[in-house]
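Q: The following block contains the structure, expressed as structure tokens.
There are 2 protein chains.
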Amino acid sequence: MSIIFSKSCEYGLQAALYLARQPKDSPAHLREIATDLNIPYHFLNKVLQTLTRDRIVVSRKGANGGFALARSPKEIRLMDIVRAVDGQSSLDGCVLGFPACGDETPCPVHGQWKSAKGVILDMLEKKTLAELGKGLDGKLEFIAQSMIEAAEK
Amino acid sequence: MSIIFSKSCEYGLQAALYLARQPKDSPAHLREIATDLNIPYHFLNKVLQTLTRDRIVVSRKGANGGFALARSPKEIRLMDIVRAVDGQSSLDGCVLGFPACGDETPCPVHGQWKSAKGVILDMLEKKTLAELGKGLDGKLEFIAQSMIEAAEK
DNA sequence: CCCAATTCAGAGAATTTTGTCTTTGAAAAG
DNA sequence: CTTTTCAAAGACAAAATTCTCTGAATTGGG
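Protein sequences appear in the order of chains A and B. Note that the working numbering has the first sequence beginning at 74, numbered continuously upward. Note that the working numbering has the second sequence beginning at 74, numbered continuously upward.
What follows is the structure, encoded as structure tokens:
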């Protein structure tokens, strides 16, 4: 599990990234995505259902079916996926766990944490799937390679 | 649970902070700490055992026993506690979960995440219990208040 | 010196949360 | 209809969190 995301969310982000790289008008199959990204089939099923309900991806049943992004990758921010899967509140809250911590009654690291979180939120709010997919251009093999190495352990 | 720490770690940080505010030569009892911070007694027991084994706090049994910091609050950084409880590796790893992500084969957000993590690690490495305790001076009631509100939910 | 009370140490069980799998159903295409 | 593919409920497993219980060290009082 990543530091800040649940596994569901991690898988959701990976899958969305996968779909962003997919040629237009050719939806990807659950089976294909799960295999390529080395994600448990049925767990990914559930995550994609969530993203579908949130209208971040669209699904089609039957032959020629599959999953595709609901809108242009330029219009899907990482934050959209995080919010859909882990919920907004997953990024709120005091880093030391003090329930009453806030701008008025700050915990001792409130200020510093706020600026660190600012960098993170900024990243999530501004990065779109389009930019991320571009970052992967010319290294299609990155993900696959990544997963092969993981499987070897 | 905080975004980046386990509950164990959160409790460890809170307890250490508590001990830093404690008058010299008067160790705090487990029962007292757990009650004041609203932490499950036996879970805190375990966390404090970890911190004791790591020589961040010292313990004494029997009457007049209890827990105290093993050295001056000025010499205990947040990172020491995080490392002891959650382990160093809890802060490593790709934020999107790609196992092969690294400086040579970066994931699309590797750079941004690295700088965000830099701010966090910097905070953990530089902030000592002494500075944090000072931050609480004059608001002894902060923690208690915090916990009362939490309990009301 | 011995005993009783106090307090931490630690193993391990129970619970909760999170992640994974099983199974059945429903929609679409040909 | 038959095949393909997503939808969804719910069982199961693993991990994190919380609780139970027993033991061991220390102190102070008889």
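Even glycine gets a Cβ: it sits at the ideal position worked out from N, Cα and C.
1) Let's test the definition: count the other Cβ atoms within 10 Å of the Cβ of residue 116 of chain A and tell me whether it reaches 16, buried, or not, exposed.
2) Does any residue of chain B have a CB that is nearer than 7 Å to the CB of residue 198 of chain A?
3) In chain order, which alpha helix (DSSP H) runs of at least 4 residues are fully inside the region 96-128 of chain B?
4) Please check the pair residue 124 of chain A and residue 157 of chain A, which I expect to be a contact at CB under 8 Å, by giving their CB distance rounded to whole angstroms.
5) Closer than 8 Å between beta carbons: that is the criterion. Which residues of the region 78-92 of chain A meet it against chain B?
6) Please identify the residue among A:155, A:159, A:122 and A:161 whose C-alpha is closest to the C-alpha of residue 141 of chain A.
7) Quick one: is residue 83 of chain B buried, meaning 16 or more other Cβ sit within 10 Å of its Cβ, or exposed?
8) I'd like to know if residue 135 of chain B contacts chain A, where contact means its C-beta is closer than 7 Å to some C-beta of that chain.
9) For residue 95 of chain A, which residues of its own chain have a beta-carbon under 6 Å away from its beta-carbon, when the five flanking residues on both sides are left out?
10) Using 10 angstroms around the beta-carbon of residue 139 of chain A, count the other beta-carbons present and answer buried if the total reaches 16, otherwise exposed.
11) Just by C-beta distance, which residues in the region 153-177 of chain B are closer than 9 Å to chain A?
12) Can you tell me which of B:169, B:197, B:171 and B:110 puts its alpha carbon nearest to the alpha carbon of residue 78 of chain B?
13) Within the same chain, show all residues whose beta-carbon is closer than 7 Å to that of residue 143 of chain B, passing over the 5 residues directly before and after it, in chain order.
A: Judging by the given coordinates:
1) Within the first sequence, residue 116 of chain A is the residue found at index 43, counting from 1. Classification for residue 116 of chain A: exposed.
2) If you number the first sequence from 1, residue 198 of chain A lands on position 125. Judged by the 7 Å Cβ criterion, residue 198 of chain A is not in contact with chain B.
3) 103-110 and 114-126
4) In the first sequence, counting from the first residue as 1, residue 124 of chain A sits at position 51. In the first sequence, counting from the first residue as 1, residue 157 of chain A sits at position 84. For residue 124 of chain A against residue 157 of chain A, the beta-carbon gap comes to about 6 Å, under 8 Å, which counts as contact.
5) 78, 80, 83, 84, 86, 87 and 90
6) Here residue 141 of chain A refers to the residue found at position 68 of the first sequence. Answer by Cα proximity: A:122.
7) As a first step, residue 83 of chain B must be located in the second sequence, where it is residue number 10. Buried: at least 16 other Cβ atoms inside 10 Å.
8) Residue numbering aside, residue 135 of chain B sits at position 62 when the second sequence is read from its first letter. No, residue 135 of chain B lies away from the interface with chain A (no Cβ there is under 7 Å from its Cβ).
9) Along the first sequence, one-based indexing puts residue 95 of chain A at 22. Cβ within range, chain order: 101.
10) The residue given as residue 139 of chain A occupies position 66 in the first sequence. Per the 10 Å Cβ criterion, buried.
11) 163, 164, 165, 166, 167, 168, 169, 170, 171, 172, 173 and 174
12) For the purposes of this step, residue 78 of chain B is taken as residue 5 along the second sequence, with counting starting at 1. Ranking B:169, B:197, B:171 and B:110 by Cα distance to residue 78 of chain B puts B:197 first.
13) Locating residue 143 of chain B in the second sequence gives position 70, counting from the first residue. 128, 129, 130 and 131, listed in sequence order.
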